[in-house]
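*Asks:* Dropping a structure here in structure tokens format, bear with me for questions.
Numbering (the UniProt record's numbering), first residue to last: 1 to 160.
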């Protein structure tokens with residue numbers, strides 16, 4: 001794996017908002033991501049990782065929004081979200097492939113009492129998701145721990 005993108009995002013209502021991204025490698029990505037860009041919470045690893053930080057009660061209102069947005073597919077989406085949350089609670093991360101050939105792993109990063117962020121790594125690949133997960137999970141979890149250990153790392157403080 002020579003090409004990797006790292007993102008950090010913050011929740012805003014029922015979406016995740018990219019705060020920053022770093023692309024490692026020179027391969028052209030299938031998409032361009034800019035700070036401030038919004039992505040769905042219910043179908044992405046970033047969103048699902050962040051949802052794992054909420055209590056069942058806190059998630060209920062968001063789940064109702066998702067159900068209304070996807071009435072025909074809600075049962076399957078909820079099952080995927082529940083599985084991702086369980087993955088975060090047991091393994092420290094969740095994975096999703098919501099764009100063709102893009103595999104993303106995410107983990108929540110809670111800093112003090114400032115709410116939570118989600119950090120992910122993604123790669124464009126033709127390999128099965130399991131292979132990408134095996135390579136990405138270690139670097140993702142190490143990076144998340146380094147961010148948590150940096151006492152002054154709060155990306156959006158003072159930028160309102």
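We treat Cβ as the ideally placed atom computed from N, Cα and C, and that holds for glycine. Quick caveat: nothing in here was measured; it's all calculated off a predicted structure.
Under the rule that 16 or more other beta-carbon atoms within 10 Å means buried, what is residue 146, buried or exposed?
*Replies:* By the 10 Å Cβ count, residue 146 comes out exposed.
*Asks:* In angstroms with no decimal places, state the Cα-to-Cα distance between residue 104 and residue 132.
*Replies:* Looking at the two C-alpha atoms, the distance is approximately 8 Å.
*Asks:* Using CA atoms only, rank isn't needed, just tell me which of 78, 144, 56 and 23 is closest to residue 42.
*Replies:* Checking every option, the nearest Cα to that of residue 42 belongs to 78.
*Asks:* For residue 15, which three-state DSSP category applies?
*Replies:* In the structure shown, residue 15 sits in a strand (DSSP, three-state: E or B).
*Asks:* Tell me the rounded alpha-carbon separation between residue 30 and residue 148.
*Replies:* Reliability fails at residue 30, whose pLDDT of 48 lies under 50, so the model's placement of it is uncertain and no value is given.
*Asks:* Is the CB-CB distance between residue 117 and residue 106 below 8 Å?
*Replies:* Result no, Cβ atoms of residue 117 and residue 106 do not sit closer than 8 Å.
*Asks:* Looking only at C-alpha atoms, which of 11, 55 and 47 sits nearest to residue 97?
*Replies:* Among 11, 55 and 47, the Cα nearest to that of residue 97 belongs to 47.
*Asks:* With burial defined as no fewer than 16 other Cβ atoms inside 10 Å of the residue's Cβ, what is the status of residue 90: buried or exposed?
*Replies:* With fewer than 16 other Cβ atoms within 10 Å, it is exposed.
*Asks:* Hey, out of 14, 5, 88 and 58, whose CA is closest to residue 20's CA?
*Replies:* The shortest Cα separation from residue 20 among 14, 5, 88 and 58 belongs to 5.
*Asks:* Could you check the C-alpha separation between residue 168 and residue 95 for me, to the nearest Å?
*Replies:* Nothing can be reported for residue 168, as the shown portion of the chain is limited to 1 through 160.
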